[in-house]
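K.L.:
Just passing along the structure, written as C-alpha cells.
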Amino acid sequence: MKVPPWGIWARRIPLGAAYGVVIWGLASRPHQPFDGLALATLVLLGAASMVRRFRLQGEPTNSEALELGFSVLGIVFAIVGFGGELAFPLVMLVSGLLVAFLPLGASLVLLFGIVGGIAAVTLPSDLGTFAIQSAFAVAFAGMYRFALFEQRAAARSAQALALAKEHREVEERARVYRLTSGDGEKARTDQWALAAVKEIERSSGLILEVLEAALRTHCVAVLLRTVDEEALILHDARTASDSFRRERIPIGIGVFGAVVRSAQPLRLFDERGVGGITHYAENETRIAALACVPLIDGAGAVRGILLADRTEPEPFSESDARILETTGREVLRAIEVERVLIALRRSRDEKESFFKAIEELNRANGPDEVWTAVVESARQVAPLDFCALTLVSEAAERPRTHSIARIVGAANASQALQGSLFEDNGGLVANAVRYGASFAASEAEGIDKQVVFTPEVRIRGLNALKVIPMIASDRVVGTLVVGSRKKGSLSSDEQRMLEVLAIQAGQAALRAQLYEQMERLATCDGLTGLCNVRSLHDRFDRVLATSLRYQRLLAFVLCDVDHFKAVNDTHGHPVGDQVLREVAKVLAAEARATDIVARYGGEEFAIVMPETDARGASTIAERIRMRMMQEVFPSAQGAFSVTISMGIAALGPGTATKADLIELADQRLYAAKRGGRNQVIADSSGPERRMALRA
C-alpha cells in the first residue's frame, strides 16, 4: 500500500524529535528524567524502520536512509551518554557502517549528525576529545566508504564482464546452431536464443549420457561447423579426458575432413592408435577405436559430426554405428526444433508488430498524425536507424517538387531537413517517384556518396538504405526512405512488410491530404483563403473566454472596401474578386501572427487581436489602410486603386461579450463610412463621429 506524503512525515517527525531529545539530554548534565522515554521511542521507531528496510528491495531512498540512520545513531549516542567514553568505539564502528552502506546524500547528513552527537557528549568541557573523536569518526566513515565503493565497483565490473562474456558465448553458440544470423536480428531474439541454446544443450547432454553408457566410450562428443564453415567446434562432450580440444578444429584435415567431405559414417580401429586424430590436444592420448557419423540437415548439408572413441582395443560394431546415426539425427532434430520455434516466435512477433503498425496508421487522421504514424510504424516493423517520409507535389504550371514531411535518425541535421523542399533531380527519392518502383542504395558505389534527396544533403553512417514509393489511386504520393547502420539488416520478409506498409502509408497520406482539404474548405473562405465566418466565431469565442478569465486585452476590427459595388459595376466581377484577394493578402501580411484574420462577408473583413487595446489596434489598422492605398489594380478600363474603412472595438466595461464587440465595431465602421471613408475609427470622441453614431 502506498503511504501518502503526510503519512511519511507523520511517521518520521517523532523519530527526529526523539533523536533531538536524546542529543539535548546528552548535552545537559545531569540527564533529564524523560531521556529514557526518548530512548525507548528511538528503539521502537528504529526497530520499525529496520523491519521496513529489510522488507524493501533495492537501494533505500535518502529519506528512508536518514530514518534508519538517525534511529541507530540515537540509540548509539544514548548508550555513550549513559555508559561513558568507553563506548566511543561503538560510535566509530556504527558511523563507518552507516556512511559506507547508505546513499551518499544521506551519508553526508548522517556524518553531520555524528559530529553533532559527539559535540553533545564532549563539549564544552573537553574540546580536545571532541576534535579527536570527530576526526576519527570522519576518517573511519571515509575509509569505510572508499573501501566499500571500490569493492562494489570491482564486483559490478566483474559481474558486467561475466555477463558480457556469457552473452557473447550464447550469441556465438546461437549462430553455430543457425538460430540467428547475428547482424540482422532484432534485440528481442537474444532471449529466445538464450532459451533455445539451453534447451539444445540439455537435450544433447541427455543423448550423450545415454550413448556413453550404452557404448562404453572413452569420449562421446558433438562437433558442429562454425559460422564460416571452415572449422568444427565442440558443442558438447562426455569424457574423462582433460586434453579434449575446446578450440576450433580445422575441417580440411584429418579424419573429420574425410567425414565432412564424403558425408558418410566412418569407423576406424588400430590397437597401436588410430592416426589422423585431431580432437585431442595432447599426443599421448591413444585412441584404439573411433566411430564418426555426419550430422546432415534437411538440405543435405553436413552441419557437424557425432563421434565416439575408445582407448581399449575394442572396435565399434555395425550396431554401434547405427546407434550413433540414430542419436546423431536426434541431436540435429533438437537443433532444428528450436530453430523452427524461434522462427515461429519471430514470425508471430513480426506479424503482431506489422498489424499493430497498420492499425495505428489507419487510426491517424490529420497530416501530422499520419506522418508520425508512418515513421513509427516502419520502425516497429524493421530495425531501422534512419527513416524519412517524403511527399510529392505536381502541378501543371510548375515542375514536380518534393518535401520531407518527417525524418528521424539523420545525425547530420534531421531538424533542419524536416519540412524542406527540393525540386526533381536524379536522386533515389526522385527516381522512386518517377518510376513508381523501389530503389536500394548500392553498397559498391558507397551509400554515403549517393544522392538520396539532393546532392547537397548526404545521409552518412548507413550501410543499408532503401527508398520505397507510396502509391495511392495509381499515383505516387511520396516515398518511404529506410536505412540501417548494419549491412544486410533488412531481411526479405521485413522488406516485404515495409513495401506493404508503404502502400498503406500512401493511402493514409492521400486520406490525410483529403482530410486537410476538407478541413480547409470547412474553415477557410474559398476566394481569399482567410478564415470563414464560422471559423471566426469559433476562434473568437475561445480567445474572448481566455481574455475574460485572465483579464487580458482584446480588440476587434471590422474592415470594409470603399465603393466596392462601383468596382464590380465598372471593372467586372473577376476584377472585384482580385481586389478582395489582394485586400485579404494585405490584411494577412500586416496583421500579427497571433491575430485572427477572416472574411466576414461580401467585401467586409474582420480581425481579432488578442493582447491588444484600441490604441494598438489603431496602429495596426492604420498601417493596413496606408498599405492598401499603395496597391494598384489593372483593368480593361485602366488602372485603379481602392481604399478601406475600419472600425475598432476593445474589450471593456461596456463590451464584455462578443455581440457587444461586434456591434460597437460595426457602429464605428459605419461612422467611418459616413465620415468620408478611407479612415480608422477606434473611439466615439469628436463631434463628427458622435453625430455619425447618433445618425
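Under this note's numbering, the letters of the sequence shown match residues 451 to 1145, in that order. Backbone N, C-alpha and C fix where the C-beta goes; we use that ideal spot for every residue, glycine too. The structure presented is a predicted model; accordingly, all values stated were derived computationally and were not measured.
So who's on the other strand from A890, going by DSSP bridges?
P.N.:
Counting from 1 along the sequence shown, the entry for residue 890 is found at position 440. According to DSSP, which records beta bridges pairwise, A890 is partnered with K916.
K.L.:
For G933, which residues does DSSP report across the bridge?
P.N.:
Position 483 of the sequence shown, counted from the first residue, corresponds to residue 933. Partner(s): F836, L915.
K.L.:
Could you tell me the distance, in whole angstroms, from the CA atom of A1041 to the CA atom of V1047?
P.N.:
In the sequence shown, the residue the question calls residue 1041 occupies position 591. In the sequence shown, the residue the question calls residue 1047 occupies position 597. Taking the straight line from one Cα to the other gives about 8 Å.
K.L.:
With a cut-off of 8 Å, do at least 3 Cβ pairs link the segment 734 to 746 to the segment 652 to 659?
P.N.:
Segments in contact, no.
K.L.:
For A1099 and F990, which I take to be in contact (beta-carbon distance under 8 Å), what is that distance rounded to the nearest angstrom?
P.N.:
In the sequence shown, counting from the first residue as 1, residue 1099 sits at position 649. In the sequence shown, counting from the first residue as 1, residue 990 sits at position 540. Incorrect: roughly 12 Å between the Cβ atoms, too far for contact.
K.L.:
Just how far apart, CA to CA, sit Q945 and L661?
P.N.:
For this step, residue 945 is matched to residue 495 along the sequence shown. For this step, residue 661 is matched to residue 211 along the sequence shown. C-alpha separation (whole angstroms): 45 Å.
K.L.:
Within 10 angstroms of its Cβ, does S1095 collect 16 or more other Cβ (buried), or is it exposed?
P.N.:
Residue mapping note: residue 1095 aligns to position 645 of the sequence shown, counting from 1. It is buried - the Cβ of S1095 has at least 16 other Cβ atoms within 10 Å.
K.L.:
Keeping to the same chain, check which residues put their C-beta closer than 8 Å to that of I1074; ignore five residues upstream and five downstream.
P.N.:
Along the sequence shown, read from residue 1 onward, the residue named residue 1074 stands at position 624. Only C1009, V1036, L1037, E1040, A1041, I1094, M1096 meet the Cβ criterion.
K.L.:
Residues in its own chain within less than 8 Å of F889 by CB, not counting five upstream and five downstream?
P.N.:
If you number the sequence shown from 1, residue 889 lands on position 439. Same-chain partners within the cutoff: L878, N881, A882, K916, V917.
K.L.:
Indicate whether N875 and P833 have their beta-carbon atoms separated by less than 9 Å.
P.N.:
Sequence index remark: in the sequence shown, residue 875 carries index 425 (1-based). Sequence index remark: in the sequence shown, residue 833 carries index 383 (1-based). Against a cut-off of 9 Å, the Cβ pair of P833 and N875 comes out as no contact.
K.L.:
Applying the 10 Å Cβ sphere with the 16-neighbour rule, what's the burial state of P849?
P.N.:
Within the sequence shown, numbered from 1, the residue matching residue 849 stands at position 399. With fewer than 16 other Cβ atoms within 10 Å, it is exposed.
K.L.:
Using C-beta distances below 7 Å, list every residue in its chain close to V825, excluding the 5 sequence neighbours before and after it, in chain order.
P.N.:
The residue labelled residue 825 in the question sits at position 375 within the sequence shown. Counting only Cβ-Cβ distances below 7 Å, and skipping sequence neighbours, we find C837, L839, R856, V858.
K.L.:
Assuming the contact rule is C-beta atoms closer than 8 Å, G555 and R675 should be a hit. Round their C-beta distance to whole Å, please.
P.N.:
The residue given as residue 555 occupies position 105 in the sequence shown. The residue given as residue 675 occupies position 225 in the sequence shown. The Cβ separation is near 56 Å, so there is no contact.
K.L.:
From T667 to L644, what distance separates their C-alpha atoms?
P.N.:
Counted from its first residue, the sequence shown places residue 667 at position 217. Counted from its first residue, the sequence shown places residue 644 at position 194. Those two C-alpha atoms are separated by around 30 Å.
K.L.:
Strictly by DSSP, which residues pair up with Y730?
P.N.:
Against the sequence shown, residue 730 aligns to sequence position 280. DSSP, once it has assigned bridges, lists F694 as partnering Y730.
K.L.:
Short of 6 Å in beta carbon distance, which residues of its chain neighbour Y885, apart from the five on each side in sequence? Order them along the chain.
P.N.:
Position 435 of the sequence shown holds residue 885. Excluding residues within five positions, none has a Cβ falling inside 6 Å.
K.L.:
Could you compute how far the alpha carbon of Q1129 sits from the alpha carbon of A1122?
P.N.:
Mapped onto the sequence shown, residue 1129 falls at position 679. Mapped onto the sequence shown, residue 1122 falls at position 672. One C-alpha to the other measures close to 6 Å.
K.L.:
Suppose contacts are defined by Cβ-Cβ distances below 9 Å. Is S1085 in contact with V1025 by that definition?
P.N.:
In the sequence shown, residue 1085 corresponds to position 635, counting from 1. In the sequence shown, residue 1025 corresponds to position 575, counting from 1. Contact: yes.
K.L.:
Going by the CB atoms, is the gap between P1060 and T996 shorter than 9 Å?
P.N.:
On the sequence shown, position 546 is the one that residue 996 refers to. On the sequence shown, position 610 is the one that residue 1060 refers to. Yes, Cβ-Cβ distance for T996 and P1060 is below 9 Å.
K.L.:
Applying the criterion that 16 or more other CB atoms from any shown protein chain within 10 Å of the CB defines a buried residue, is M593 buried or exposed?
P.N.:
Along the sequence shown, one-based indexing puts residue 593 at 143. With fewer than 16 other Cβ atoms within 10 Å, it is exposed.
K.L.:
Given that a residue counts as buried once 16 or more other Cβ atoms are within 10 Å of its Cβ, and exposed if not, what is Q1180?
P.N.:
Residue numbering for the chain in the displayed model covers 451 to 1145; residue 1180 lies beyond these limits and cannot be assessed.
K.L.:
Taking 8 Å as the threshold, find out whether the segment 717 to 725 comes into contact with the segment 682 to 702 through three or more Cβ pairs.
P.N.:
Because the criterion of three Cβ pairs below 8 Å is not met, the segment 717 to 725 and the segment 682 to 702 do not touch.
K.L.:
Taking all protein chains shown into account, decide if Q583 is buried (16 or more other Cβ within 10 angstroms of its Cβ) or exposed.
P.N.:
On the sequence shown, residue 583 is found 133 positions in, with the first residue counted as 1. With 16 or more other Cβ atoms within 10 Å, it is buried.
K.L.:
Please go through the same chain and pick out, in chain order, the residues whose beta-carbon is closer than 6 Å to the beta-carbon of T572, but skip the five residues on each side of it.
P.N.:
What you label residue 572 is simply residue 122 of the sequence shown in a count that begins at 1. Same-chain partners within the cutoff: T579, F580.
K.L.:
Quick check: what's the CA-CA separation for E659 versus A681?
P.N.:
Your numbering for residue 659 matches position 209 in the sequence shown. Your numbering for residue 681 matches position 231 in the sequence shown. Distance between the alpha carbons of E659 and A681 is about 25 Å.
K.L.:
With DSSP run on the structure shown, which of helix, strand or coil describes P905?
P.N.:
Translated into the one-based positions of the sequence shown, residue 905 becomes position 455. P905 falls in the coil class under three-state DSSP.
K.L.:
Can you tell which of M920, L948, A1056, T929 has its C-alpha closest to the C-alpha of C981?
P.N.:
Taking the first residue of the sequence shown as 1, we reach residue 981 at position 531. The shortest C-alpha separation from C981 is found at A1056.
K.L.:
Less than 9 Å separating the beta-carbons of I699 and T728?
P.N.:
For this step, residue 699 is matched to residue 249 along the sequence shown. For this step, residue 728 is matched to residue 278 along the sequence shown. Contact: yes.
K.L.:
Which runs of the alpha helix (DSSP H) spanning at least 4 residues fall entirely within the segment 1045 to 1122, listed in chain order?
P.N.:
Within the segment 1045 to 1122, the complete alpha helix (DSSP H) runs of at least 4 residues are 1064 to 1079.
K.L.:
In this structure, how does DSSP classify K648 when only helix, strand and coil are distinguished?
P.N.:
Translated into positions along the sequence shown, residue 648 becomes position 198. Helix.
K.L.:
State the DSSP-derived secondary structure class of D1012, mapped to helix, strand or coil.
P.N.:
In the sequence shown, the residue the question calls residue 1012 occupies position 562. Correct three-state label for D1012: coil.
K.L.:
Name the DSSP bridge partner or partners of L718?
P.N.:
For this step, residue 718 is matched to residue 268 along the sequence shown. Paired residue(s): L740.
K.L.:
From which residue to which residue does the beta strand (DSSP E) around V677 run?
P.N.:
Mapped onto the sequence shown, residue 677 falls at position 227. Note, V677: premise wrong, no beta strand (DSSP E); not H, not E.
K.L.:
On the premise that D1027 lies in contact with S934, defined as a C-beta separation below 8 Å, what is that separation, rounded to the nearest angstrom?
P.N.:
The residue you call residue 934 lines up with position 484 of the sequence shown. The residue you call residue 1027 lines up with position 577 of the sequence shown. Incorrect: roughly 53 Å between the Cβ atoms, too far for contact.
K.L.:
Label L940 either buried or exposed according to how many other C-beta atoms from any shown protein chain fall within 10 Å of its C-beta, with 16 as the threshold for buried.
P.N.:
The sequence position of residue 940 within the sequence shown is 490, counting from 1. Buried is the call here.
K.L.:
Please classify I854 as buried or exposed, where buried requires at least 16 other C-beta atoms within 10 Å of its C-beta.
P.N.:
Within the sequence shown, residue 854 is the residue found at index 404, counting from 1. It counts as buried.
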